[in-house]
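**Student:** Structure in structure tokens, see below.
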Amino acid sequence: MQTSTIILIVVAVVVVLAVIAFVASRGKGRRVEAQRERAAGIREEAREHDQELREREAAATEAQARSQMARAEAQRA
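Sequential numbering from 812 applies to the sequence shown in the working numbering.
If you want it as structure tokens, here you go:
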């Protein structure tokens, strides 16, 4: 083989490896972005769930207070 042929093969292999590395890094970037989007969705669901829970707790506390007031009224009567 001639030296120029060997150099051409080496350059071609380097280019192919560079393309493979580029494609792999792009794929990883997309996966990471998809994971970030999923995580954001999960955080939003958790926030909504937390808000609902706080509202239910507030309603339960209010109902308990009304119940205690009604019980106190009933005992006075």
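Beta carbons: idealized from backbone N, C-alpha and C, even for Gly. Everything numeric in this text was worked out from a predicted model, so none of it was measured.
Name the two residues that bound the continuous alpha helix (DSSP H) containing Met812.
**Tutor:** Here Met812 belongs to no alpha helix (DSSP H), and DSSP marks it neither H nor E.
**Student:** According to DSSP, simplified to helix, strand and coil, what is Ala876?
**Tutor:** It is helical.
**Student:** For Ala888, name the three-state secondary structure that DSSP assigns.
**Tutor:** Coil, per DSSP.
**Student:** Would you kindly work out how many angstroms separate the C-alpha atoms of Ile817 and Val827, rounded to a whole number?
**Tutor:** Going from the Cα of Ile817 to the Cα of Val827 covers about 15 Å.
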